[in-house]
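Following our numbering, the numbering of the sequence shown begins with 22 at its first residue and continues without gaps.
All C-beta atoms, glycine included, are put in the ideal place defined by N, C-alpha and C.
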Amino acid sequence: MKYPIAIEHGDDTHAFGVVVPDLPGCFSAGDTLDEALENAKEAIAGWIDLEIDEGHPIPKASSLAEISKMDKFKGWYLSVVEVSSESF
Numbered sequence: 022m023k024y025p026i027a028i029e030h031g032d033d034t035h036a037f038g039v040v041v042p043d044l045p046g047c048f049s050a051g052d053t054l055d056e057a058l059e060n061a062k063e064a065i066a067g068w069i070d071l072e073i074d075e076g077h078p079i080p081k082a083s084s085l086a087e088i089s090k091m092d093k094f095k096g097w098y099l100s101v102v103e104v105s106s107e108s109f
């Protein structure tokens, strides 16, 4: 499964913050951009696992184009992460 993510810029004193717009409440962070991407994968897998355990449907992923039009993510990095279904 692939999900778009929005990454808030980090710096020497702030971590890179990650939000998964399609998965309410799913977020992560990392001290580096690479770490933020890896942590996002873990957050997504955990979020999906919990939703499956609770019998909730898993939202479909939006396109990057849809996410890029959201005002709240203007100026953020956008990316897509892939999570193996074996993770949950």
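- Within its own chain, the residues whose Cβ lies closer than 7 Å to the Cβ of Glu72, once the five positions on either side in sequence are excluded, are Ile79, listed in chain order.
- Per DSSP, Glu29 is one residue of the beta strand (DSSP E) stretching across Lys23 to Glu29.
- The distance from the Cβ of Ile65 to that of Val102 is about 7 Å, consistent with a contact at the 8 Å cut-off.
- The C-beta of Pro45 has fewer than 16 other C-beta atoms within 10 Å across all chains shown, which makes the residue exposed.
- Phe94 is not a Cβ neighbour of Ala36, given a cutoff of 8 Å.
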